[in-house]
Amino acid sequence: MQTCQDIIDLLSEYLDGQLPAARRGELEDHLALCTACLEFMQSLRETQGRVRDLRCDDMPAEVHDRLRTFLDKTTKGLRA
Amino acid sequence: MLYCISMTGAAVAGSDASLVTSLKRGDTAAFEEILRRYERKVFSLARSLTRNDSDAEDALQETFLSVYAKIRSFKEESSLSTWIYRIAANAALMKIRSRRTREEKTVSIDDYMPKYDKSGHRVAAVPDWPPRGDDVLVRRELAGFLRDSIRALEPEYRTVFILRDQEELSNEEVARILRLSVPAVKSRLHRARLFLRERIKRYWYGTEGRP
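Read top to bottom, the protein sequences are chains A and B.
Counting from 287, one number per residue, gives the positions in the first sequence under our numbering.
Counting from 23, one number per residue, gives the positions in the second sequence under our numbering.
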């Protein structure tokens with residue numbers, strides 16, 4: 287029988303969909319019987335969702351412009 | 023002028039590999055196209071890693087200067103994106119190390135790992151996460167706390183975590199970028215996620231500082 291520790295060690299791979307079917311089945315059997323691990327899994331999944339919400343791809347126009355200016359100066363004399 | 027239109031114009035719409043070939047021949051339009059493809063990704067990664075706009079901008083500039091200056095030594099054993107991410111991660115980590123010695127504090131990840139009894143079963147209050155409100159204000163406040171928490175991760179965990187869960191690269195790509203084994207990437211990622219889960223739990227219970 288797998289312990290809670292065994293299960294929690296596998297939760298990232300489980301949430302990433304990377305567990306082989308047999309191990310996934312064992313893990314889900316445990317979650318069906320263990321409220322503490324089920325809640326742990328749910329809170330770990332929620333954590334991932336909240337982290338994804340933090341992502342920000344914006345790059346200010348002035349950063350873009352300064353990058354061009356910087357490279358224009360620093361690559362003079364260099365040959366790629 | 024570096025950013026002119028290519029005399030041949032051939033490289034601009036090409037694959038990453040053809041851009042590398044063109045840039046090695048001195049085609050500056052190829053460099054402009056590499057910039058266009060990767061500058062936002064590099065800045066996003068650097069900002070996530072450093073959590074400091076000034077350091078992120080420095081890392082961005084250093085990354086593309088290195089790309090330009092070192093393209094001839096790029097042996098193409100990895101993809102261009104892996105190579106650029108590796109340069110960017112290293113540039114950002116240098117900034118983190120420099121800042122860390124000055125002001126940044128990390129916390130021990132071990133203090134946030136789950137606790138088990140002797141038989142390997144969980145020792146936890148139920149419910150593990152308390153019932154809570156989830157309005158805009160709470161979300162905004164929690165987002166600030168989470169950003170601080172990611173910054174508090176030790177750099178070796180933070181880097182893996184950002185590349186995997188924010189940049190959404192695969193375990194294999196992260197392993198190549200950081201020159202780690204895939205099991206090492208998985209282990210660091212899992213511990214970083216456990217750390218953040220526990221930080222949020224303590225935040226909900228009011229036992230961890232709020233932003």
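Even for Gly, the Cβ is constructed at its ideal location relative to N, Cα and C.
In this text the structure is predicted, and so the values were computed from the model without any measurement.
| Asked | Found |
| --- | --- |
| Cβ-based burial, D133 (chain B) [other Cβ within 10 Å; buried from 16] | exposed |
| C-alpha gap between L340 (chain A) and I184 (chain B), whole angstroms | 11 Å |
| Per-residue DSSP class, three states only, for R169 (chain B) | helix |
| Among B:I93, B:D77 and B:L102, nearest to F65 (chain B) - alpha-carbon criterion | B:D77 |
| CB of L330 (chain A) within 9 Å of CB of I293 (chain A), strictly | no |
| Cβ neighbour criterion (16 or more within 10 Å) applied to L115 (chain B) | buried |
| Closest by C-alpha distance to L324 (chain A), when choosing among A:H350, A:A308, A:L296 and A:V337 | A:L296 |
| Span of the alpha helix (DSSP H) around R213 (chain B) | V204 to Y227 |
| Opening and closing residue of the alpha helix (DSSP H) in which P177 (chain B) lies | P177 to F183 |
| Beta carbon proximity, R338 (chain A) to chain B, threshold 9 Å | yes |
| Nearest-angstrom Cα separation, counted from Y138 (chain B) out to F249 (chain A) | With chain A covering 287 to 366 only, the question about residue 249 (chain A) has no answer from this structure. |
| Reduced DSSP secondary structure (H/G/I, E/B, other) of R341 (chain A) | coil |
| Buried or exposed (CB count within 10 angstroms, at least 16 for buried), Q83 (chain B) | buried |
| Contact set for V129 (chain B): own chain, Cβ-Cβ below 7 Å, skip 5 residues either direction | A174 |
| For R47 (chain B), three-class secondary structure by DSSP | coil |
| R144 (chain B) - partner residues in DSSP beta bridges | B:Y138 |
| I118 (chain B) versus B:K63, B:R169, B:Y90 and B:P177, residue with shortest Cα-Cα distance | B:P177 |
| Cβ-based burial, M135 (chain B) [other Cβ within 10 Å; buried from 16] | exposed |
| Contacts of Y90 (chain B) in chain A (Cβ-Cβ under 8 Å) | L357, T361, L364 and A366 |
| Below-9 Å beta-carbon distance, L319 (chain A) vs any chain B residue | no |
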